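Here the sequence shown stands for residues 75 to 514, where the numbers follow the numbering used here.
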Amino acid sequence: MAGVVIVGTQWGDEGKGKIVDILASSADLIVRFQGGSNAGHTVVIGDKKVILHQIPSGILSPRKKCIIGNGVVLDLEQLLKEISDLKSQGYMKDDNALLISEEAQLVMPYHKKLDVAREKARGKGKIGTTGRGIGPAYEDKVARVGIRLIDIFDPEVFRSKLEQALPEKNWYLTRLGEEGFDLDAIFQSFREMASKIKKHVANTSLVVNEGFRKKKNVLLEGAQGTMLDVDHGTYPFVTSSNTVAAQACTGSGIGPTMIDRVIGVSKAYTTRVGGGPFPTELNDETGERLREKGGEYGATTGRPRRCGWFDALVVRYAVRVNGIDSIALTKLDVLNGFSTLKICTGYRFRGKTYSEVPSSLRIWQECKPVYEEMDGWSEDISAAREVEKLPRNAKRYVREIEKLIGAKIMLVSIGNERKQTILLENPFKKVHTGKAKKGR
Ligand code: IMP
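The structure is reproduced here in structure tokens:
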């Protein structure tokens with residue numbers, strides 16, 4: 075039995091989908107614990123490419139139970155589409171494979187419209203959200219006016235909650251120059267979706283805890299990345315949820331004593347989508363080369379991702395705030411053919427060098443990166459299946475990252491496909507061998 079959490083260590087898009095897909099083969103339950111359809115987890119299996127937004131990537135492995143936890147903000151319309159797309163690709167043959175928390179908050183149509191309208195109104199200062207209504211939905215949760223999945227199964231409760239929420243939303247939308255929504259139309263469409271989703275709805279905290287009691291392996295899958303965490307990220311250029319490992323507990327209804335290991339996923343370079351500081355960003359040919367070689371276009375919005383060198387301060391910080399045991403390093407193959415590689419080891423601001431990420435947005439925005447340079451490699455490494463088979467400079471690059479971030483690398487990914495993976499340590503097996511924390 076083991077509880078393993080997977081989180082992103084940068085600004086999202088680190089390749090968590092692939093890592094979850096690989097580790098899911100050793101897990102029994104896979105739980106998504108925050109975020110919503112802003113996420114886009116891409117998994118490549120043979121010649122098939124599947125992009126998942128709300129359903130845990132574990133759904134692609136047969137006989138696993140996948141859970142959308144209470145910490146997620148659920149876009150029902152998107153979810154029903156995702157389920158039907160999966161089924162048409164031959165996945166999710168068993169409806170019992172997916173359970174959704176009855177406590178999950180719903181992303182309502184007015185949340186999405188507000189998200190987009192507000193961004194438009196912000197002009198130059200916009201955050202660059204995905205426009206999926208994530209911020210407004212989490213705001214309503216905290217303001218205690220959100221609508222939870224369970225509410226739509228009771229017509230009286232649902233209507234009264236809508237009557238409470240909608241007039242204020244419509245007022246706000248009109249002020250932003252948008253049209254409001256008709257209550258009956260929303261009511262009707264959600265009642266229809268309720269009947270379609272009902273078979274998946276459950277008390278998932280009970281299911282996950284029961285899983286632990288029965289000594290199952292549980293994989294807790296985070297979305298976005300540490301630097302997009304609403305507390306620990308580059309605020310206000312963040313998402314509206316906690317993306318760090320601690321959220322795996324609150325977002326799925328388990329206690330911290332259930333967690334045995336935390337795996338961080340890091341890209342071998344850095345990317346970011348949307349606005350906000352990014353000290354190692356490359357607005358030049360090198361950045362363009364990373365984007366093209368890495369296929370760095372958003373899985374949810376299709377936006378080109380901003381690209382830059384690996385930032386050791388960011389990942390070391392993620393190791394700290396998540397309590398990361400080891401790192402899965404992805405997309406190392408994208409660096410094939412770069413004669414020189416750079417790793418950021420400090421930020422320079424007003425004559426001072428910082429070795430930890432700052433809290434001040436000003437420093438984030440105005441600092442200049444301090445780099446360490448390394449020789450690259452010219453060989454194609456995507457066929458390597460052992461670390462020993464990597465070119466000498468690729469091994470040096472990996473070891474240098476390990477040293478700078480203060481965490482071991484447990485996996486190196488060198489291509490999109492499952493087989494293009496060098497697994498150095500299976501976190502579930504490690505727990506079974508008794509090397510990690512003893513069972514409870
Ligand atoms: P929101 O989550 O849509 O509100 O967007 C807030 C910020 O988080 C924006 O900069 C988005 O681009 C970014 N973001 C949200 N989800 C993801 C993701 O899955 N990958 C990368 N960036 C994301």
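Ideal Cβ positions, reconstructed from N, Cα and C, are used throughout, including at glycine. Since we're looking at a predicted model, the values are computed, not measured.
Can you name the start and end residues of the beta strand (DSSP E) that Asp407 belongs to?
Segment: none, Asp407 is in no beta strand (DSSP E) and carries neither H nor E.
Using a Cβ distance threshold of 8 angstroms, determine whether the segment 102-111 contacts the segment 401-420, with at least three qualifying pairs required.
By the C-beta criterion, the segment 102-111 is judged not to be in contact with the segment 401-420, since fewer than 3 inter-stretch pairs fall below 8 angstroms.
What is the DSSP secondary structure of Thr204, counted as helix, strand or coil?
Look at Thr204 here: in three-state DSSP terms it is coil, with no helix or strand label.
Which runs of the alpha helix (DSSP H) fall wholly inside the segment 145-170 and span at least 4 residues, in chain order?
Segments of the alpha helix (DSSP H) lying fully in the segment 145-170: 150-162.
Measure the Cβ-Cβ separation of Asn112 and Ile208 and say whether it is below 7 angstroms.
Cβ distance < 7 angstroms, so Asn112 and Ile208 count as in contact.
Does Arg514 pass the burial test, meaning 16 or more other C-beta atoms within 10 Å, or should it be called exposed?
Because the pLDDT at Arg514 is just 40, under 50, the model does not fix this residue reliably, and the value given afterwards should be weighed accordingly. Around the beta-carbon of Arg514, fewer than 16 other beta-carbon atoms lie within 10 Å, marking it exposed.
Output the distance between the C-alpha atoms of Arg424 and Pro443, rounded to the nearest integer angstrom.
In this structure, the straight-line span from the alpha carbon of Arg424 to that of Pro443 is close to 12 angstroms.
Per-residue DSSP class, three states only, for Gly209
It is helical.
Residue burial classification, Glu295 (beta-carbon count within 10 angstroms, cutoff 16):
Buried, by the Cβ-count rule.
Asn396 burial status per 10 Å Cβ neighbour count (16 or more: buried)
Counting Cβ neighbours within 10 Å, Asn396 comes out buried, since at least 16 surround it.
Tell me whether Val219 is buried or exposed, calling it buried when 16 or more other Cβ atoms sit within 10 Å of its Cβ.
Val219 counts as exposed, since fewer than 16 other beta carbons sit within 10 angstroms of its beta carbon.
Taking DSSP as the reference, what is the three-state secondary structure of Phe423?
Under the three-state reduction of DSSP, Phe423 is assigned to strand.
Under 6 angstroms Cβ to Cβ from Lys273, same chain only, skipping five residues before and after it: list those, please.
Counting only Cβ-Cβ distances below 6 angstroms, and skipping sequence neighbours, we find Asp169.
Secondary structure of Gln262, DSSP reduced to three states
In this structure, Gln262 counts as helix in the three-state DSSP scheme.
Short of 8 angstroms in beta carbon distance, which residues of its chain neighbour Glu370, apart from the five on each side in sequence? Order them along the chain.
Correct list, in chain order: Asp87, Thr345, Leu364, Pro378, Arg379 and Cys381.
Evaluate Lys155 with the Cβ neighbour count: other Cβ atoms within 10 Å of its Cβ, from every protein chain shown; 16 or more gives buried, anything less gives exposed.
Exposed: under 16 other Cβ atoms inside 10 Å.
What is the rounded straight-line gap between the Cα of Gly132 and the Cα of Glu430?
Take the alpha-carbon of Gly132 and the one of Glu430: they are about 35 angstroms apart.
First through last residue of the alpha helix (DSSP H) which encompasses Arg346:
Unbroken run through Arg346 is the beta strand (DSSP E), Thr344 to Arg346; no alpha helix (DSSP H).
Could you check where the alpha helix (DSSP H) with Lys187 kicks off and where it finishes?
Note, Lys187: alpha helix (DSSP H), Pro183 to Arg196.
Taking only runs that begin and end inside the segment 226-263, name each unbroken alpha helix (DSSP H) of 4 or more residues, in chain order.
DSSP runs (the alpha helix (DSSP H)) wholly in the segment 226-263: 229-249.
What are the start and end residues of the beta strand (DSSP E) that includes Ile125?
For Ile125, the uninterrupted beta strand (DSSP E) run begins and ends at Lys122 to Leu126, by DSSP.
Opposite Gly516 in the DSSP bridges: which residues?
The structure shown has nothing for residue 516, since the chain only spans 75 to 514.
Are the beta-carbon atoms belonging to Ala211 and Leu250 less than 7 angstroms from one another?
No, they are not a contact pair.
Taking Ile141 as part of the beta strand (DSSP E), name the residues at either end of that continuous run.
Element bounds for Ile141: Lys139 to Ile142.
Coarse secondary structure for Tyr391, derived from DSSP in three states:
Judged by DSSP in its simplified three-state form, Tyr391 adopts helix.
Limits of the unbroken beta strand (DSSP E) element including Ser487
Its beta strand (DSSP E) spans residues Lys482 to Ser487.
For Tyr371, which residues does DSSP report across the bridge?
Pro378, per the DSSP bridge assignment.
Kindly examine ligand 1 and report whether one of its heavy atoms sits closer than 6 angstroms to the Cβ of Ile80.
Every heavy atom of ligand 1 is 6 angstroms or more from the Cβ of Ile80, so no.
With contact counted as at least three CB pairs below 8 angstroms, one residue from each stretch, are the segment 80-98 and the segment 130-146 in contact?
With the cut-off at 8 angstroms, the segment 80-98 and the segment 130-146 touch.
I need the straight-line Cα distance from Gly500 to Asp399, nearest angstrom please.
Before going on, a small fix: residue 500 reads as Asn here, not Gly. One Cα belongs to Asn500, the other to Asp399, and the distance between them is close to 12 angstroms.
What residue does the beta strand (DSSP E) around Asp449 start on, and which one ends it?
Counting along the chain, the beta strand (DSSP E) containing Asp449 begins and ends at Lys442 to Asp449.
For the beta strand (DSSP E) containing Thr313, list its first residue and its last residue.
Neither: Thr313 is in no beta strand (DSSP E) and is coded neither H nor E.
N-terminal and C-terminal residue of the alpha helix (DSSP H) that Leu280 is part of:
Leu280 -> alpha helix (DSSP H) spans Thr278 to Arg287.
Where Gln494 and Leu160 are concerned, what is the direct C-alpha to C-alpha distance, given to the nearest angstrom?
Roughly 23 angstroms separates the two Cα atoms.
Check whether the Cβ atoms of Ala468 and Ile483 sit closer than 7 angstroms, and answer yes or no.
Judged by their CB atoms, Ala468 and Ile483 are not nearer to each other than the 7 angstroms cut-off.
Apart from the five residues just before and just after Lys139, which ones in its own chain have a Cβ nearer than 7 angstroms to its Cβ?
Asp102, Leu103, Ala171 and Leu173.
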